[in-house]
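Working notes, beginning with the structure itself.
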Amino acid sequence: MEVRERIIEEATKQFFQYGIRNVTMDDIAVSLGMSKRTVYETFKDKGTLVETCINDLTIREDKKVARVVNESANVIEAIFVFMREGTKAMNAINPVFFKDLEKLYPRLWKRVDTETKAKRLNLSARFLEKGIKEGLFRNDLNIEIIAKLFHEQMSILIDETIFPRDKYDHAEIFQNMIINFTRGISTSTGIQIIDKTLE
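So in full-length UniProt numbering, spot 164 of the sequence shown is number 164, and the numbers just go up one at a time.
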């Protein structure tokens, strides 16, 4: 692995674990057993490193989405793969990471937030269309409305004024939301697949 990739991997790991503010370029250098100078020769400052980590994450997530969609036997299987992956991510990423990103790098946060919302809406619409074609989702669904409803539920999930983390397990909320939402739009065949998946 090249120096650049090693730095990105370690920085992402530490940002997820401790938040962005609490991690210094020194911390990353020490963890990698390299000099601070090497880190700064590769990334001119912490802001550049943060943005590079985010861009790298975005590319990897896009590839993962494409792989899951292509490899899943049906749309419900794909949704449950994403549910498990999302649950893992929620348990692995310190919520301080997102707060730091929004507060310390507002322009980057806004870009990421805008792109993520657009991708989520697009993917939701694609899944709905696919599910209807497969006979797993009801054919009377208004795809645009249902996609937006799902998107807004995801937004509520991360709103700590509604679900404060000291009172609620966000991974549990996420699972409940996905399961019940998917069940609500499914045909009897789709519900059978959901029940079998949850056994």
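Where a beta carbon is used, it is the ideal one built from N, C-alpha and C, also for glycine.
This one's a predicted model, so the numbers in the text were calculated from it and none came from an experiment.
Alpha helix (DSSP H) segment containing residue i, residue limits
i, result
"Gly184", "170-185"
"Asp159", "That residue, Asp159, is in no alpha helix (DSSP H); it is neither H nor E in DSSP."
"Arg111", "106-133"
"Leu198", "188-198"
Closest by C-alpha distance to residue i, when choosing among the options
i, options, result
"Glu85", "Trp109, Ile194, Ala171, Ile162", "Ala171"
"Arg120", "Ile79, Glu102, Phe43", "Ile79"
"Gln153", "Gly190, Ser124, Met1", "Ser124"
"Lys99", "Phe16, Met34, Val81, Leu32", "Phe16"
"Ser180", "Ile143, Glu160, Gln14, Met83", "The sequence shown places Asn at residue 180, not Ser. It is Met83 whose Cα lies nearest to the Cα of Asn180."
"Trp109", "Asn55, Thr189, Lys167, Arg6", "Asn55"
"Leu128", "Gly190, Leu101, Arg111", "Gly190"
Distance CB(residue i)-CB(residue j) smaller than 8 Å
i, j, result
"Asn122", "Ile132", "no"
"Met177", "Leu157", "yes"
"Thr58", "Val3", "no"
"Gln175", "Thr116", "no"
"Val68", "Tyr105", "no"
"Arg183", "Ile193", "no"
"Arg6", "Leu32", "yes"
Near the ligand MG: residue i beta-carbon under 7 Å from a heavy atom
i, result
"Ala73", "This structure lacks the ligand MG, and indeed carries no ligand of any kind."
Integer Cβ distance of residue i from residue j, believed to fall under 8 Å
i, j, result
"Val75", "Glu134", "6 Å"
"Cys53", "Ile8", "6 Å"
"Arg165", "Pro95", "6 Å"
"Phe137", "Ile173", "The Cβ separation is near 23 Å, so there is no contact."
"Lys46", "Met25", "6 Å"
Just to confirm the assignment: which complete alpha helix (DSSP H) runs, minimum length 4, are found wholly within the stretch 19-100? 25-32, 36-42, 46-71, 75-92
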